[in-house]
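Take the position in the sequence shown, starting the count at 1, then add 35; the result is the number in our numbering.
Presented below is the structure to which this report refers.
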Amino acid sequence: MAEPQAAMDDFLHGGQVSDMTAEIAALKKQMRELLVASSTPPSNILLNDTGVHQISNTAVETIGNTVTIPAGILGATGMILFECCGYVANNSGSGKQIDIKIYFGATAITVWSNTINNTDTETWWCQVMIKNLTAGAQRYQYQISRILSGAGYAKAGTGTLAIDTTLAVTAKNTHKWDAASANAISNIWWGRVEYQLAI
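Put into structure tokens, the structure is as follows:
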């Protein structure tokens, strides 16, 4: 490509106009390629589930979102981020307990276990980060935010896991009422899982 000043001189003096046209065309092509790349979802997103997963009239623990973490993808120090949100409503006539859990492999992290009073509705959002300390040991941290009748509540926690990530690992969330009622409803609205390698 010609130097900027030389290219301008050529243009002003009727010189290499065709050369500049080719350079502009090449630049446009690069810009189009960048736009296409920016509209492509990042390859580190393993799950983006926008379906509604509802339970009512059951006391069985039920899966909302689920995804398989490919074997070895986290290496020795990678991490996953699991985000999800939902809604609970209880009009059963009495208080009922709801449990929301995140599983990494067979190990459950209870992020929320709470009694929902009769006529109460709550929305919630949860984020869990699980980081490999080695390929077979992890530390996790979670936070959950809830809104009840316009008031906000938050909870956080941390702990350790011992899951072999050189093998494929299932990550999922579940919800469960302590007793069945057709008037006690829990929805998991959205779940997203991504992974990141250590920088």
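Where is the CB? At the ideal position from N, CA and C, for every residue including glycine.
Query: How about residue 221 and residue 108: do their beta carbons lie closer than 8 Å?; Result: no
Query: Measure the Cβ-Cβ separation of residue 137 and residue 210 and say whether it is below 8 Å.; Result: no
Query: Using the Cβ count rule (16 or more neighbours within 10 Å means buried), how would you classify residue 163?; Result: buried
Query: How far does the beta strand (DSSP E) with residue 214 in it extend, from its first residue to its last?; Result: Note, residue 214: premise wrong, no beta strand (DSSP E); not H, not E.
Query: Taking the CB atoms as reference points, tell me whether residue 174 and residue 157 lie closer together than 8 Å.; Result: no
Query: Name the DSSP beta bridge partners of residue 206, please?; Result: 102, 139
Query: Measure the alpha-carbon distance for residue 169 versus residue 83 and round it to whole angstroms.; Result: 27 Å
Query: Please state the DSSP three-state secondary structure of residue 96.; Result: coil
Query: Identify which residue in 218, 226, 229 has its Cα closest to the Cα of residue 123.; Result: 218
Query: Which full runs of the beta strand (DSSP E) of 3+ residues lie inside the segment 144 to 176, going along the chain?; Result: 156 to 169
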